[in-house]
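Worksheet: the structure to be examined is printed underneath.
Number of protein chains: 2
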Amino acid sequence: MSKPSRRSRGSITVQDVAREAGVSAMTVSRVVNGGTNVREATREAVLAAIAKLNYSPNSAARSLAAGEATQIGLLYSNPSAAYLSQFLIGALAAARRAGCHLVLEACEGERAEEQAEATRGFVQTHVQGVILPPPLSESGPVRAELEAAGIPWVSVAMGLPPEGSLNVRIDDFAAASAMTRHLLDMGHRHIGFIRGNPNQTSSAERYRGFCAAIEEAGLDLAAMPVEQGYFTFRSGIVASEAMLDLPKPPTAIFASNDDMAAAAVGVAHRRGLHVPQDLSVVGFDDTALATTMWPELTTVRQPIAAMAEAALTMLLEELRADVRTEHAEQVLAHQLIVRESCAPPPAA
Amino acid sequence: MSKPSRRSRGSITVQDVAREAGVSAMTVSRVVNGGTNVREATREAVLAAIAKLNYSPNSAARSLAAGEATQIGLLYSNPSAAYLSQFLIGALAAARRAGCHLVLEACEGERAEEQAEATRGFVQTHVQGVILPPPLSESGPVRAELEAAGIPWVSVAMGLPPEGSLNVRIDDFAAASAMTRHLLDMGHRHIGFIRGNPNQTSSAERYRGFCAAIEEAGLDLAAMPVEQGYFTFRSGIVASEAMLDLPKPPTAIFASNDDMAAAAVGVAHRRGLHVPQDLSVVGFDDTALATTMWPELTTVRQPIAAMAEAALTMLLEELRADVRTEHAEQVLAHQLIVRESCAPPPAA
DNA sequence: GGATCGCACGACAACGTTGGCAGAAAATTG
DNA sequence: CAATTTTCTGCCAACGTTGTCGTGCGATCC
Numbered sequence: 000m001s002k003p004s005r006r007s008r009g010s011i012t013v014q015d016v017a018r019e020a021g022v023s024a025m026t027v028s029r030v031v032n033g034g035t036n037v038r039e040a041t042r043e044a045v046l047a048a049i050a051k052l053n054y055s056p057n058s059a060a061r062s063l064a065a066g067e068a069t070q071i072g073l074l075y076s077n078p079s080a081a082y083l084s085q086f087l088i089g090a091l092a093a094a095r096r097a098g099c100h101l102v103l104e105a106c107e108g109e110r111a112e113e114q115a116e117a118t119r120g121f122v123q124t125h126v127q128g129v130i131l132p133p134p135l136s137e138s139g140p141v142r143a144e145l146e147a148a149g150i151p152w153v154s155v156a157m158g159l160p161p162e163g164s165l166n167v168r169i170d171d172f173a174a175a176s177a178m179t180r181h182l183l184d185m186g187h188r189h190i191g192f193i194r195g196n197p198n199q200t201s202s203a204e205r206y207r208g209f210c211a212a213i214e215e216a217g218l219d220l221a222a223m224p225v226e227q228g229y230f231t232f233r234s235g236i237v238a239s240e241a242m243l244d245l246p247k248p249p250t251a252i253f254a255s256n257d258d259m260a261a262a263a264v265g266v267a268h269r270r271g272l273h274v275p276q277d278l279s280v281v282g283f284d285d286t287a288l289a290t291t292m293w294p295e296l297t298t299v300r301q302p303i304a305a306m307a308e309a310a311l312t313m314l315l316e317e318l319r320a321d322v323r324t325e326h327a328e329q330v331l332a333h334q335l336i337v338r339e340s341c342a343p344p345p346a347a
Numbered sequence: 000m001s002k003p004s005r006r007s008r009g010s011i012t013v014q015d016v017a018r019e020a021g022v023s024a025m026t027v028s029r030v031v032n033g034g035t036n037v038r039e040a041t042r043e044a045v046l047a048a049i050a051k052l053n054y055s056p057n058s059a060a061r062s063l064a065a066g067e068a069t070q071i072g073l074l075y076s077n078p079s080a081a082y083l084s085q086f087l088i089g090a091l092a093a094a095r096r097a098g099c100h101l102v103l104e105a106c107e108g109e110r111a112e113e114q115a116e117a118t119r120g121f122v123q124t125h126v127q128g129v130i131l132p133p134p135l136s137e138s139g140p141v142r143a144e145l146e147a148a149g150i151p152w153v154s155v156a157m158g159l160p161p162e163g164s165l166n167v168r169i170d171d172f173a174a175a176s177a178m179t180r181h182l183l184d185m186g187h188r189h190i191g192f193i194r195g196n197p198n199q200t201s202s203a204e205r206y207r208g209f210c211a212a213i214e215e216a217g218l219d220l221a222a223m224p225v226e227q228g229y230f231t232f233r234s235g236i237v238a239s240e241a242m243l244d245l246p247k248p249p250t251a252i253f254a255s256n257d258d259m260a261a262a263a264v265g266v267a268h269r270r271g272l273h274v275p276q277d278l279s280v281v282g283f284d285d286t287a288l289a290t291t292m293w294p295e296l297t298t299v300r301q302p303i304a305a306m307a308e309a310a311l312t313m314l315l316e317e318l319r320a321d322v323r324t325e326h327a328e329q330v331l332a333h334q335l336i337v338r339e340s341c342a343p344p345p346a347a
């Protein structure tokens, strides 16, 4: 007579599987994780038992026993909603696989003190590591605070990460020059560039990529109109207005992100310019905005979810290896997404 | 000489706190959770010890010992990115508090078989409950599959949830009539309405709210132009074109969501109409889009994150109480957000 | 004033898994 | 074929918490 345990959830445990397969619980555990040093016949028996009982390991027990990191912080700010949701999807997938919890903290303000404050929230909640999506990946106060607390972090999507930091990114430089070449290939010779917020190194890298492609084509960089933007829709309006007010406006505008590109399209429309017939506009990021406008935007896609996954994985590896690794950097592939906002320049 | 445990993470445990406070571990546990049957003096001693040692409970151990639900599914589809990110933020906050994991599953397709397939993914991963944000909250196949597997679920943001279901929502009817009254108060007497996707009951509720406000004002409902939309930007373009092609176009357009409202603004601009001077446009949802357009959109804000939190909390309560509760419904407050896309009708 | 009650608290076991070790089995070698 | 190595497997304890039950103590009730 086995009296049912007081707190039985009726779930299948390693013990059940072990009994079914005629082995010990430890062997089941070995098969489930990695599975070194298990005879093939044994492994198959265990796998069969797992399949038969439809066993799935209890992640709480697992992380308790293994003593692994369970709380990973994610500090976000100024969330381009589209970016954030993709990022969370990727991070959650990796977190579940690793059996760890994601702790979100919002950091709205731009001020150093606000950022430091939000970071201290993490220190108090005992997160073992932190993921920093842009733009906080570049925040001095945040990083100083983490450094002081001895909490490792991974920066995501920095343009030019400092040596010795953990980071995941795309090659902003290469992506921006590829996009510029796309415009050049279409025949544009007078291309305006709207820069991104200078508080992010990716802005500089994108600009550098633009410049490199222009010069490589043998054109005069100084002749290209360049305006300063701040990644916001509003700043894109100001920049585009300035650019189209020029005596000789460009035939194409390359905005450093989609929001500013959308602004450029809006400004053009209000001036009676048709996009892309009269003016080509391209963006960067491929957020949801790129397809909720007309015409749909030619842009650069970042593999956001994959970057978040990579960041979390990298962070966990760092935490598992108790020795501080010197430098881990991962550069993921970007993709040029050609849609309808771009055409050869008007014949005139 | 206490020899350090082999797997010590050096973290503070209940034992440490208990020693510090001169009580037993169990008492610490009681203080931390609820804390019934603890003398005030003891409680204070424990709290002091907790503060001193900066203790925070290990959630893995907690959920293991308490045997609580640890995997909650979240099936999303067609994510308006802004909606999804807000939703995830809320769900994650609640999940962490409860110490449970969020399991995401994407369901892209519209077809019944695809939806059933995605749902079966949950059944196999042993999630104990599922949260269904719109539009899947209304999906027959998904619900049938969950019903068959005996997995409880919570629907979020249905317009008119069926009796006996767990759900969290806002009052779409009231929100839509409030918005309509806002337009009426501004002096509009000829208001066009773009309906939402008929596969969601919230579409019908919003339309009902519009109708009620119109009739309450003593106006002729039949004189108001109504077009069918599908919550997409594209469908909004088609509907707005049709509406503005009318011999007597409306002075205001009420779109059932922000995407379609953005489309209406775009169409107006291309026709040389100024928003809001020549045409007022209002939306619904207050997604990020509402502020990345010009003029910024007057719309209805749903407390998305709060709804997600409420849904998860409700689901966990349902799971904890092993008896199936009959009916739990929670209606959260919406908010009318007045921005710049709305003005009195032109004097003409 | 003794029996009873209720409250506060502690000891112990259990949750489901994995790490360390030791023992058994198989493979290799002389 | 015996000795030795290597590969495989099982036992026990530990991870940090909470549930159950029992004990001690002061208050309450006749």
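Residue numbers (the working numbering), protein chains in the order written: chain A, 0 to 347; chain B, 0 to 347.
From the three backbone atoms N, C-alpha and C, an ideal C-beta is built for every residue, glycine too.
Excluding the 5 residues preceding and the 5 following residue i in the sequence, name in chain order all residues of the same chain whose CB lies nearer than 7 Å to its CB.
i, result
"residue 224(B)", "191, 242, 245 and 249"
"residue 13(B)", "24, 27 and 28"
"residue 173(B)", "208"
"residue 216(A)", "183"
On the DSSP letters alone, give me the boundaries of the beta strand (DSSP E) that residue i sits inside.
i, result
"residue 226(B)", "225 to 227"
"residue 154(A)", "152 to 155"
"residue 169(B)", "165 to 169"
By Cβ distance below 8 Å, which residues in the same chain neighbour residue i in space, the five residues on each side in sequence not counted?
i, result
"residue 306(B)", "86, 89, 155, 156, 167, 168, 169 and 331"
"residue 342(A)", "185, 275, 276 and 279"
"residue 112(B)", "140"
"residue 320(B)", "none"
Go to residue i, then tell me how far its alpha helix (DSSP H) extends in each direction, as first and last residue.
i, result
"residue 207(A)", "200 to 215"
"residue 192(A)", "Run containing residue 192(A): none in the alpha helix (DSSP H); it sits in the beta strand (DSSP E), 190 to 194."
"residue 30(A)", "24 to 31"
"residue 338(B)", "Segment: none, residue 338(B) is in no alpha helix (DSSP H) and carries neither H nor E."
"residue 218(A)", "Here residue 218(A) belongs to no alpha helix (DSSP H), and DSSP marks it neither H nor E."
"residue 10(A)", "Per DSSP, residue 10(A) belongs to no alpha helix (DSSP H) and is neither H nor E."
"residue 387(B)", "A question about residue 387(B) goes unanswered here, because the residues of chain B that appear run from 0 up to 347."
"residue 235(B)", "232 to 243"
Check whether the Cβ atoms of residue i and residue j sit closer than 8 Å, and answer yes or no.
i, j, result
"residue 55(B)", "residue 100(A)", "no"
"residue 252(A)", "residue 299(A)", "no"
"residue 158(A)", "residue 200(A)", "yes"
"residue 107(B)", "residue 121(B)", "no"
"residue 288(B)", "residue 257(B)", "yes"
"residue 281(A)", "residue 178(A)", "yes"
"residue 228(A)", "residue 254(A)", "yes"
"residue 141(B)", "residue 123(B)", "no"
"residue 135(B)", "residue 83(B)", "no"
Contact defined as beta carbons within less than 8 Å: I believe residue i pairs with residue j. What is the distance between those atoms, to the nearest angstrom?
i, j, result
"residue 153(B)", "residue 130(B)", "5 Å"
"residue 46(B)", "residue 30(B)", "7 Å"
"residue 97(A)", "residue 318(A)", "Residue 97(A) to residue 318(A), Cβ: 10 Å. No contact."
"residue 68(A)", "residue 128(A)", "7 Å"
"residue 79(B)", "residue 286(B)", "6 Å"
"residue 81(A)", "residue 308(A)", "Not a contact, Cβ separation roughly 17 Å."
"residue 52(B)", "residue 15(B)", "6 Å"
"residue 311(A)", "residue 94(A)", "6 Å"
"residue 144(A)", "residue 119(A)", "6 Å"
"residue 221(B)", "residue 180(B)", "Incorrect: roughly 19 Å between the Cβ atoms, too far for contact."
"residue 232(A)", "residue 262(A)", "5 Å"
Can you find the residues in the same chain that come closer than 6 Å, C-beta to C-beta, to residue i, ignoring five residues on each side of it along the sequence?
i, result
"residue 206(A)", "194"
"residue 344(B)", "186, 187 and 250"
"residue 17(B)", "23, 24 and 27"
"residue 60(B)", "none"
"residue 334(A)", "300"
"residue 339(A)", "294 and 295"
Can you check the segment 119 to 149 of chain B for any alpha helix (DSSP H) of at least 4 residues that lies completely inside it and give the ranges in chain order? List check, alpha helix (DSSP H) in window: 139 to 148.
Which parts of the segment 38 to 117 of chain B are runs of the beta strand (DSSP E), unbroken and 3 residues or longer, counting only runs that do not cross its ends? 70 to 75 and 100 to 105, all fully within the segment 38 to 117 of chain B.
My parser needs the beta strand (DSSP E) runs of 3 or more residues fully inside the segment 292 to 336 of chain A; what are they? Listed in chain order, the complete beta strand (DSSP E) runs (minimum 3 residues) inside the segment 292 to 336 of chain A are 298 to 300, 327 to 331 and 334 to 336.
Pick out the complete alpha helix (DSSP H) segments inside the segment 255 to 282 of chain B, 4 residues or longer, and give them in chain order. Taking only runs of at least 4 residues, the alpha helix (DSSP H) segments lying wholly in the segment 255 to 282 of chain B are 257 to 269.
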